[in-house]
């Protein structure tokens, strides 16, 4: 099996998907190609495909999520998996169980894939060390959100035909953003030029070490870019004195027509959602033809199916599992 | 912003030549006999060639050999507008300024409401335009309500015209908030002006801690409260790359920290109030509340060190720290009385004490009173140069007089210099070429 995998130019041979940091160009292309096919086939046509039939898929979300959890659930169901959503609010976690004990308990139920979101950076990796199944990181603190970066890459590739050579501006709360970190990895690996735009208070230390250009002036940072990726600004940031007010933030860092006019005329506008209209993005731009925010959601399901398929290829066969 | 011509009686405008003057420009070190020619509110020409000869058609003012220098730029003026108009308005403060030779005053955000929103910056600018006879610029609060908790809209306030950001008479005790203010402000090139006193260490102190406080039985404020805050702030400036000005320092230890910070290339400047250059804690005598100020008046050694720092050019701004307080809050037991002293009208005369004592040369003394604050806050005045606004004062360096608080133009009379002998006074003050003050004997 190892030899056949090596023969393929593109493959994905990991047990988990925890981070985008070490993904290679062939691995990313393999996942995006797979996702492309999923996106092009109508969901009804091959409903309940066989890739995950008989597999147990657990969504373990310690942080509330609507679209990511729904997207994973839909992807897994379209591939024929049995899906269980763990509602953390009513689970033993709120009764004081540690993350490791939760992992050991879940592992005893012998799932095949666990999708985890947790508010603490590194939590998903810790959990992955304690289970025998595949683990997908659906967001850990301000660290990583790999499937978001992959769906963003797919959206860009489908709209622009390529990723290499494009100039992509990621704007907003970089400091607290796992989406930004995963996107920087994937876009850099794929040969795009990444710019970060944020007030200094919303930038992590030494951002330039991530291989990006950093701007604190959005009018300059957005100049001539092919893609504008906006990040969500949480309202709590005002109270913690990262930025003074919604009004000021929108004025200097919100995407409005005046600032967007400085990007390339055919620039894509992206947002991982959920959007704060009038905070980081003008309402009319969210609904503009240049906006691919709706496509991003659609690509989310396609990419998550691709990731599940790829991981399933590496899972032990259910038959051998039993013996 | 330019003052409103209608707000005050003005001499008729038209090209005016000031001849037979001693011209002093602290920026270029000019100090020579000469004349100065004002056209349309701007210094059109100056120099030795105008000493005797006025250009044709100009009205002529003979300066009789007296000093003609840039009007003062006072970077720390508290008024009572809005909220405490019974203490001072922009109008009364501006008349006090004009009489003291101050042609530009920077007013502080400690008002009611606090100047922490764009609309309030607009309010100050509009009121100043309509009522003030000198240039008025405003600092905005760096935290909402000066509470030290949430940053204000630094970007929008700066666009609206705030020349700097300050937490007024209080320090931002929360280190994280201060860090974010410096960091965020850096993106906008905003200058953070900080009152430096650790509020927990200062506690309810009423004067400098030491022998005098002990004898008077008053709770003391150690200068360590200031030193700690400046040390902290300098570390934050180093971390963030922000622009920082310590509003009023009062002891050599603070200066030492600032000196080291500058040696490391940090954008750190400092000011000192005229009170801390000319008074010390002994002047409090028997509980004179007009000498209760923040930071508190220190020991004579500290005062002498501050004067020495001015002489060395290490002090960027000398401010009046004009802070009008009415009798209701001053005529109280010392510890319960309000802080603050008026100072616009006595600023120059008090500063000239350092010149008359031989401690500080005149251009060196004038620099932190004129061009340095003008540069620090990005203002055009403070220079005696061609093309500069004709914000100019005519000064008799030697005229002796005695301060009488009842004759001060300020609405409040809490002067620490009441009954003090002064040497040197402002004879005429020009703002944008127009005479806004002219000394009349008997006033």
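Chains as they are written, first to last, in this note's numbering: chain S, 53 to 375; chain B, 25 to 467.
Cβ atoms here follow ideal geometry from the backbone N, Cα and C, with glycine treated the same way.
Just so you know, these numbers come straight off a predicted model, no measurement behind them.
- Taking a beta-carbon distance threshold of 9 Å, residue 269 of chain S counts as an interface residue toward chain B.
- In terms of Cα proximity to residue 286 of chain B, the closest of B/80, B/41, B/261 is B/261.
- With the criterion set as a beta carbon lying under 8 Å from some beta carbon of chain S, the members of the region 208-233 of chain B are 208, 210, 211, in sequence order.
- When DSSP assignments are scanned along the region 140-182 of chain B, the uninterrupted stretches of alpha helix (DSSP H) that are 4 or more residues long and fall wholly within it turn out to be 142-155.
- Against chain B, the CB of residue 275 of chain S has no partner CB under 9 Å away; the residue lies outside that interface.
- Sixteen is the threshold: when 16 or more other Cβ atoms of the shown chains lie within 10 Å of the Cβ of residue 105 of chain B, as they do, the residue is buried.
- Residues of the same chain with a CB within less than 7 Å of the CB of residue 436 of chain B, apart from the 5 flanking positions on each side, are 111, 112, 348, 349, 350, 366 in chain order.
- Residues of the region 289-322 of chain B that bring their beta carbon within less than 7 Å of a beta carbon in chain S are absent altogether.
- The C-beta separation of residue 87 of chain B from residue 418 of chain B comes to about 6 Å, placing the pair in contact by the 8 Å criterion.
- Where residue 119 of chain B is concerned, the enclosing alpha helix (DSSP H) starts and stops at 114-124.
- Annotation: Cβ neighbours of residue 299 of chain S in chain B (cutoff 8 Å, chain order): 177, 180.
- A distance of 9 Å or more separates the beta carbons of residue 94 of chain B and residue 386 of chain B.
- According to DSSP, residue pairing for residue 445 of chain B in a beta bridge involves B/426.
- The residue from B/44, B/65, B/333 with its alpha-carbon nearest to that of residue 56 of chain B is B/44.
- If you draw a straight line from the Cα of residue 367 of chain S to the Cα of residue 290 of chain B, it is about 58 Å long.
- For residue 194 of chain B, not one C-beta of chain S is nearer than 9 Å to its own C-beta.
- By the beta-carbon neighbour count (other beta carbons within 10 angstroms, threshold 16), residue 459 of chain B is buried.
- Within a 10 Å sphere around the beta-carbon of residue 217 of chain S sit fewer than 16 other beta-carbons, which makes this residue exposed.
- Residues of chain S whose Cβ lies closer than 7 Å to the Cβ of residue 204 of chain B are, in chain order, 253, 293, 294.
- Where residue 100 of chain B is concerned, the enclosing beta strand (DSSP E) starts and stops at 96-101.
- Residue 54 of chain B is outside the set of residues whose beta carbon lies under 9 Å from a beta carbon in chain S.
- The region 144-164 of chain B and the region 125-133 of chain B touch, with three or more beta-carbon pairs separated by less than 8 Å.
- When C-beta distances to chain B are compared with 9 Å, every residue of the region 187-214 of chain S stays at or above that value.
- In the DSSP annotation of this structure, the continuous segment of the alpha helix (DSSP H) that includes residue 380 of chain B starts and ends at 371-380.
- The C-alpha of residue 126 of chain B lies about 22 Å from the C-alpha of residue 330 of chain B.
- Contact between the region 178-186 of chain S and the region 202-215 of chain S is absent, with fewer than three C-beta pairs closer than 8 Å.
- What residue 303 of chain S touches in chain B, judged by beta-carbon distance under 8 Å, is 179, 180, going in chain order.
- Between the alpha carbons of residue 461 of chain B and residue 169 of chain B lies a gap of roughly 35 Å.
- When rounded, the separation of the alpha-carbon atoms in residue 220 of chain S and residue 305 of chain S is 16 Å.
- Within the region 144-193 of chain S, the runs of alpha helix (DSSP H) that reach at least 4 residues and sit entirely inside it are, in chain order, 151-160, 175-180.
- 9 Å or more divides the Cβ of residue 269 of chain B from the Cβ of residue 102 of chain B.
- In the three-state scheme derived from DSSP, where H, G and I count as helix and E and B as strand, residue 219 of chain B is classed as coil.
- Counting the other CB atoms within 10 Å of its CB gives residue 369 of chain B a total of 16 or more, which places it among the buried residues.
- Exposed is the label assigned to residue 102 of chain S, since fewer than 16 other Cβ atoms lie within 10 Å of its Cβ.
- A direct Cα-Cα distance of roughly 36 Å separates residue 169 of chain S from residue 310 of chain S.
- Boundaries for residue 270 of chain B: no alpha helix (DSSP H) harbours it, while the beta strand (DSSP E) harbouring it runs 267-270, taken from the DSSP string.
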